[in-house]
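*Asks:* Have a look at the structure that comes next, please.
Number of protein chains: 2
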Amino acid sequence: MKYAVGVDVGGTNIECGILDEIGNILVKRKFPTRSEQGVDAILESIALTIEQLREDAGIPADEIEVIGLGIPGLVDPEAGVSLRAVNLNWNQIPVAAKLRGLTGKPVFIDNDVRLYIYGEAAAGAGRGYDYVYGITIGTGLAAAFVQRGEIHRGHRFMAGEIGHVPVNPTGFACGCGRTGCLETIVSATGIAKQARTRIEQGETSLLQEWFADVKDIRSSDVSRACLAGDALSRDVLEQTGRELGRALAWVVPTLSPDVIVIGGGGALAGELLFEPMKDELNNLLLQDYRNHFAIKSAELGDHAGIIGSALWALQCNKQA
Amino acid sequence: MKYAVGVDVGGTNIECGILDEIGNILVKRKFPTRSEQGVDAILESIALTIEQLREDAGIPADEIEVIGLGIPGLVDPEAGVSLRAVNLNWNQIPVAAKLRGLTGKPVFIDNDVRLYIYGEAAAGAGRGYDYVYGITIGTGLAAAFVQRGEIHRGHRFMAGEIGHVPVNPTGFACGCGRTGCLETIVSATGIAKQARTRIEQGETSLLQEWFADVKDIRSSDVSRACLAGDALSRDVLEQTGRELGRALAWVVPTLSPDVIVIGGGGALAGELLFEPMKDELNNLLLQDYRNHFAIKSAELGDHAGIIGSALWALQCNKQA
Chain A
1 MKYAVGVDVG GTNIECGILD EIGNILVKRK FPTRSEQGVD AILESIALTI
51 EQLREDAGIP ADEIEVIGLG IPGLVDPEAG VSLRAVNLNW NQIPVAAKLR
101 GLTGKPVFID NDVRLYIYGE AAAGAGRGYD YVYGITIGTG LAAAFVQRGE
151 IHRGHRFMAG EIGHVPVNPT GFACGCGRTG CLETIVSATG IAKQARTRIE
201 QGETSLLQEW FADVKDIRSS DVSRACLAGD ALSRDVLEQT GRELGRALAW
251 VVPTLSPDVI VIGGGGALAG ELLFEPMKDE LNNLLLQDYR NHFAIKSAEL
301 GDHAGIIGSA LWALQCNKQA
Chain B
321 MKYAVGVDVG GTNIECGILD EIGNILVKRK FPTRSEQGVD AILESIALTI
371 EQLREDAGIP ADEIEVIGLG IPGLVDPEAG VSLRAVNLNW NQIPVAAKLR
421 GLTGKPVFID NDVRLYIYGE AAAGAGRGYD YVYGITIGTG LAAAFVQRGE
471 IHRGHRFMAG EIGHVPVNPT GFACGCGRTG CLETIVSATG IAKQARTRIE
521 QGETSLLQEW FADVKDIRSS DVSRACLAGD ALSRDVLEQT GRELGRALAW
571 VVPTLSPDVI VIGGGGALAG ELLFEPMKDE LNNLLLQDYR NHFAIKSAEL
621 GDHAGIIGSA LWALQCNKQA
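Quick note, the sequences are listed as chains A and B, same order. The numbering of the first sequence is our numbering, which starts it at 1 and goes up by one. The numbering of the second sequence is our numbering, which starts it at 321 and goes up by one.
Here it is as structure tokens:
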């Protein structure tokens with residue numbers, strides 16, 4: 001048997017797994033990133049974890065074919081270099097070569113969102129579709145496009161950052177230093193912040209009964225309050241869904257996907273978010289596009305990252 | 321020597337040319353489409369014209385390798401079928417098979433805008449770039465994306481129709497039956513119509529001195545008046561450029577092109593249109609995208625269609 005390792009490197013945690021060739025996870029482990037210890041110590045922890053997992057699963061060393069890593073920020077997959085990962089404090093790090101040195105295995109790296117969406121395209125909600133556009137609604141908003149199994153990266157590997165198109169000139173400050181970017185609204189953070197801000201500005205909400213301090217409100221609480229009949233929470237999700245619909249009205253004619261896969265914590269709002277999104281999108285799209293693509297929630301949950309990383313690495317290795 | 325035929329089928333005229341393998345036009349001819357005579361008569365005219373051109377150029381029949389056709393509307397290039405071309409009154413026409421029957425040569429067809437942009441990517445303003453996003457500003461607005469020599473078509477071959485995203489709910493009626501679509505503003509037609517409408521609504525313009533009837537104003541007149549110092553014309557081109565910039569602010573992060581090629585009659589306004597477009601785009605784009613792609617006018621003029629059709633057909637034939 002042949003196996004692949006998938007690694008999802010986050011700012012807070014790293015998840016490692018060993019998978020078979022069709023994406024089943026045999027063993028996996030999550031551990032804190034502790035980015036302050038530096039890249040070499042982190043990569044040594046990853047190599048050690050892989051070795052332990054392999055022994056736990058009783059897999060011979062030569063049956064591990066390849067290692068795939070999803071890394072946040074800007075990645076050059078061709079050179080195997082992490083160009084810039086702010087949360088990890090990585091700059092121009094030749095991750096693939098370093099980890100290959102530690103493990104003796106071929107290592108392929110790409111941006112974490114791309115490999116998450118690749119996982120959904122290959123083994124999740126996008127399976128069986130040719131043109132998979134995927135979005136993750138998490139702390140921020142990011143996107144990736146997988147066309148017949150090939151990840152679109154564009155010039156300088158920069159395709160996908162639609163979260164930073166300004167949509168509200170009088171909106172919230174964005175992490176990028178500007179104002180009112182799409183992800184200040186369409187993100188888990190943005191959903192919670194809209195609810196908090198409107199309560200602070202004097203609107204009433206069930207959330208005030210649940211939380212003594214509005215700062216404790218999370219996006220999942222907004223969904224919960226909406227389901228309990230809270231008008232403010234319903235309106236926040238409605239506005240958020242419509243804003244995403246307006247963004248997708250540009251993406252659909254540009255790419256013509258046959259499925260849009262929506263993942264990340266913010267997507268757990270499900271139809272509360274998707275219904276207004278679809279309504280707005282149907283209002284804006286040319287007749288020829290309407291109802292000619294599916295809209296689906298991501299299916300692989302938190303493990304889409306390691307599944308995508310492992311399956312993509314297997315594909316790269318086959319082509320190499 | 322090997323040669324290719326490029327054919328650009330329009331609602332009004334058809335242009336045929338014989339080209340060498342690097343896209344030089346040896347001979348070409350344009351003739352009226354006369355769509356009322358039906359598809360078979362039109363294809364017979366094309367076959368006859370190709371034969372005449374070949375004789376004029378003194379090329380032996382067996383040195384014509386392949387024929388490429390650009391057709392307006394929705395095209396299935398894999399099946400070689402024109403799915404729908406409203407101006408030609410074509411529906412589900414197996415154009416490639418029919419023309420192959422008449423000529424004995426392999427025939428490849430695609431949407432005319434895609435092959436126009438393919439021509440620019442292969443032999444025009446996009447030459448040397450990997451991710452070419454092209455727009456044609458003509459009667460309408462359409463776009464195509466050519467990635468490392470491959471045309472992106474998307475699901476149902478529908479990618480590229482960004483002209484029909486509504487941007488102004490109180491704007492002009494659009495040919496698609498809706499209101500305020502992008503192409504009601506960003507098109508040669510839209511530029512002329514904005515000027516005409518504002519004059520009819522009481523604004524003053526140099527164009528009133530030039531034209532007794534505002535209906536005679538064309539987009540090129542608006543450029544001309546702008547260069548002659550007309551404030552209204554300047555503002556029309558400025559608003560049009562900014563609207564295009566706002567559209568491109570979604571396209572750039574979605575695709576990450578390294579060049580945007582702008583062609584069609586409306587693009588002849590040049591910097592009068594491109595300057596406000598770039599300004600708006602730079603305001604909206606994330607720092608990482610700014611100044612990392614070129615913006616260029618199309619270079620092949622009216623012949624991009626036949627050049628693109630011929631070069632693309634050669635590429636298809638090589639891969640077949």
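A virtual CB, placed ideally from N, CA and C, is assigned to each residue, including glycine.
Let me know if N111 of chain A comes out buried or exposed under the rule of 16 or more other beta-carbons within 10 Å of its beta-carbon.
*Replies:* One-based indexing of the first sequence puts residue 111 of chain A at position 111. Result: buried.
*Asks:* Let me know if V406 of chain B comes out buried or exposed under the rule of 16 or more other beta-carbons within 10 Å of its beta-carbon.
*Replies:* Looking up residue 406 of chain B in the second sequence gives position 86. With fewer than 16 other Cβ atoms within 10 Å, it is exposed.
*Asks:* Between the beta-carbon of G241 of chain A and the beta-carbon of P276 of chain A, is there less than 8 Å?
*Replies:* By 1-based counting over the first sequence, the position of residue 241 of chain A is 241. By 1-based counting over the first sequence, the position of residue 276 of chain A is 276. Taking 8 Å as the Cβ cut-off, G241 of chain A and P276 of chain A qualify as a contacting pair.
*Asks:* Can a CB atom of chain B be found closer than 8 Å to the CB of F293 of chain A?
*Replies:* Along the first sequence, one-based indexing puts residue 293 of chain A at 293. F293 of chain A counts as touching chain B.
*Asks:* Return the first residue and the last residue of the alpha helix (DSSP H) that S223 of chain A is part of.
*Replies:* Numbered from 1 along the first sequence, position 223 holds the residue referred to as residue 223 of chain A. From DSSP, the alpha helix (DSSP H) with S223 of chain A extends over S219 to L227.
*Asks:* For D62 of chain A, is the classification buried or exposed, using 16 other Cβ atoms within 10 angstroms of its Cβ as the cut-off for buried?
*Replies:* Stepping through the first sequence from its first residue, residue 62 of chain A is reached at position 62. Burial call: exposed.
*Asks:* Could one say the Cβ of P573 of chain B lies closer than 8 Å to chain A's Cβ atoms, at least one of them?
*Replies:* In the second sequence, residue 573 of chain B corresponds to position 253, counting from 1. Taking Cβ atoms only, chain A reaches closer than 8 Å to P573 of chain B, which makes this a yes.
*Asks:* Give the residues of chain B in contact with S82 of chain A, contact being defined as C-beta atoms less than 9 Å apart.
*Replies:* For the purposes of this step, residue 82 of chain A is taken as residue 82 along the first sequence, with counting starting at 1. Here the premise fails: no neighbours, minimum Cβ distance about 15 Å.
*Asks:* On the DSSP letters alone, give me the boundaries of the beta strand (DSSP E) that D340 of chain B sits inside.
*Replies:* For the purposes of this step, residue 340 of chain B is taken as residue 20 along the second sequence, with counting starting at 1. Per DSSP, D340 of chain B belongs to the beta strand (DSSP E) from N333 to D340.
*Asks:* Drop a sphere of 10 angstroms on the beta-carbon of M1 of chain A, count the other beta-carbons inside from all chains shown, and report buried for 16 or more, exposed for fewer.
*Replies:* As a working note, residue 1 of chain A is residue 1 in the first sequence. Classification for M1 of chain A: exposed.
*Asks:* At which residues does the beta strand (DSSP E) containing D302 of chain A begin and terminate?
*Replies:* Counting from 1 along the first sequence, the entry for residue 302 of chain A is found at position 302. Looking at the DSSP string, D302 of chain A is not in any beta strand (DSSP E), and its letter there is neither H nor E.
*Asks:* Once the 5 residues before and after R434 of chain B are set aside, which same chain residues still bring their CB inside 6 Å of it?
*Replies:* In the second sequence, residue 434 of chain B corresponds to position 114, counting from 1. Hits under 6 Å: A464 and I471.
*Asks:* Excluding sequence positions up to five away, which residues of its chain have a Cβ less than 7 Å from the Cβ of D56 of chain A?
*Replies:* For the purposes of this step, residue 56 of chain A is taken as the residue at position 56 of the first sequence. Excluding residues within five positions, the ones whose Cβ falls inside 7 Å are V27.
*Asks:* Looking only at its chain, what residues have a beta carbon closer than 8 Å to the beta carbon of G202 of chain A, apart from the 5 residues adjacent to it on each side?
*Replies:* Position 202 of the first sequence holds residue 202 of chain A. Excluding sequence neighbours, G202 of chain A sits near nothing in its chain.
*Asks:* Measuring only the C-alpha atoms, how far is F293 of chain A from Y133 of chain A?
*Replies:* Indexing the first sequence from 1 puts residue 293 of chain A at position 293. Indexing the first sequence from 1 puts residue 133 of chain A at position 133. Taking the straight line joining both Cα atoms gives about 10 Å.
*Asks:* Mapping DSSP to helix, strand and coil, what is P573 of chain B?
*Replies:* For the purposes of this step, residue 573 of chain B is taken as residue 253 along the second sequence, with counting starting at 1. Here P573 of chain B sits in helix by DSSP.
*Asks:* With 8 Å set as the bound, which would you pick, yes or no: does the beta-carbon of M597 of chain B sit closer than that to a beta-carbon of chain A?
*Replies:* In the second sequence, counting from the first residue as 1, residue 597 of chain B sits at position 277. It does not; no Cβ of chain A falls within 8 Å.
*Asks:* Per DSSP, A324 of chain B forms a beta bridge with which residues?
*Replies:* Within the second sequence, the letter at position 4 stands for residue 324 of chain B. DSSP lists B:L339 and B:V386 as partners of A324 of chain B.
*Asks:* Please confirm if E591 of chain B has its CB atom under 8 Å from at least one CB of chain A.
*Replies:* Within the second sequence, the letter at position 271 stands for residue 591 of chain B. No, its Cβ sits nowhere closer than 8 Å to a Cβ of chain A.
*Asks:* Would you mind working out which of A:V261, A:H303 and A:A320 sits nearest G10 of chain A, comparing C-alpha positions?
*Replies:* The sequence position of residue 10 of chain A within the first sequence is 10, counting from 1. When each option's Cα is compared against that of G10 of chain A, the closest is A:H303.
*Asks:* Give me the subset of the stretch 468 to 483 of chain B whose CB atoms are less than 9 Å from a CB atom of chain A, sorted by chain position.
*Replies:* Those residues of the stretch 468 to 483 of chain B that come within reach of chain A (Cβ to Cβ, closer than 9 Å) are H472, R473, G474, H475, R476, F477, M478, A479, G480, E481, I482 and G483.
*Asks:* Going by beta carbon distance, what residues of the same chain come within less than 6 Å of G263 of chain A, once the five residues before and after it are set aside?
*Replies:* One-based indexing of the first sequence puts residue 263 of chain A at position 263. Only T136 and A298 meet the Cβ criterion.
*Asks:* In terms of residue numbering, what span does the beta strand (DSSP E) encompassing Y451 of chain B cover?
*Replies:* If you number the second sequence from 1, residue 451 of chain B lands on position 131. That run of the beta strand (DSSP E) goes Y451 to I457.
*Asks:* Distance, Cα to Cα, T517 of chain B vs C546 of chain B?
*Replies:* Looking up residue 517 of chain B in the second sequence gives position 197. Looking up residue 546 of chain B in the second sequence gives position 226. Answer to the nearest angstrom: the Cα atoms are 16 Å apart.
*Asks:* What do you reckon, are the CB atoms on I482 of chain B and L461 of chain B nearer than 8 Å?
*Replies:* Counting from one through the second sequence, the residue named residue 482 of chain B turns up at place 162. Counting from one through the second sequence, the residue named residue 461 of chain B turns up at place 141. Cβ atoms of I482 of chain B and L461 of chain B: closer than 8 Å.
*Asks:* Quick one: list the residues of chain A neighbouring L604 of chain B, beta-carbon separation under 7 Å, in chain order.
*Replies:* Against the second sequence, residue 604 of chain B aligns to sequence position 284. Within 7 Å Cβ-Cβ: V165 and P166.
*Asks:* Measure the alpha-carbon distance for L403 of chain B versus V261 of chain A and round it to whole angstroms.
*Replies:* Within the second sequence, the letter at position 83 stands for residue 403 of chain B. Within the first sequence, the letter at position 261 stands for residue 261 of chain A. About 28 Å.
*Asks:* Rounding to the nearest angstrom, what Cα-Cα distance links I505 of chain B and N344 of chain B in this structure?
*Replies:* In the second sequence, residue 505 of chain B corresponds to position 185, counting from 1. In the second sequence, residue 344 of chain B corresponds to position 24, counting from 1. Each residue's Cα considered, the two are about 35 Å apart.
*Asks:* Quick check on C16 of chain A - is its C-beta less than 8 Å from some C-beta in chain B?
*Replies:* Indexing the first sequence from 1 puts residue 16 of chain A at position 16. So no, C16 of chain A is outside the interface.
*Asks:* Distance check for I59 of chain A and G171 of chain A, CA to CA, integer angstroms please.
*Replies:* For this step, residue 171 of chain A is matched to residue 171 along the first sequence. For this step, residue 59 of chain A is matched to residue 59 along the first sequence. Roughly 53 Å between the two C-alpha positions.
*Asks:* Can I334 of chain B and I384 of chain B be called in contact, C-beta distance under 8 Å?
*Replies:* The residue labelled residue 334 of chain B in the question sits at position 14 within the second sequence. The residue labelled residue 384 of chain B in the question sits at position 64 within the second sequence. Not closer than 8 Å, so no.
*Asks:* Nearest-angstrom Cα distance between A188 of chain A and I50 of chain A?
*Replies:* Counted from its first residue, the first sequence places residue 188 of chain A at position 188. Counted from its first residue, the first sequence places residue 50 of chain A at position 50. So the alpha carbons of these two residues sit roughly 32 Å apart.
*Asks:* By how many angstroms is the C-alpha of L281 of chain A removed from the C-alpha of L568 of chain B?
*Replies:* Translated into the one-based positions of the second sequence, residue 568 of chain B becomes position 248. Translated into the one-based positions of the first sequence, residue 281 of chain A becomes position 281. Each residue's Cα considered, the two are about 18 Å apart.
*Asks:* Around the C-beta of G245 of chain A, are 16 or more other C-beta atoms found within 10 angstroms, so that it is buried, or is it exposed?
*Replies:* In the first sequence, counting from the first residue as 1, residue 245 of chain A sits at position 245. That one is buried.
*Asks:* Just to make sure I have the definition right: I need the residues of chain A whose C-beta is within less than 8 Å of the C-beta of P577 of chain B. Which are they?
*Replies:* Numbered from its first residue, the second sequence carries residue 577 of chain B at position 257. Neighbours of P577 of chain B on chain A, chain order: G154 and H155.
*Asks:* Can you tell me whether T524 of chain B is buried or exposed? The criterion is at least 16 other CB atoms within 10 Å of its CB, across all chains shown.
*Replies:* One-based indexing of the second sequence puts residue 524 of chain B at position 204. Label assigned to T524 of chain B: exposed.
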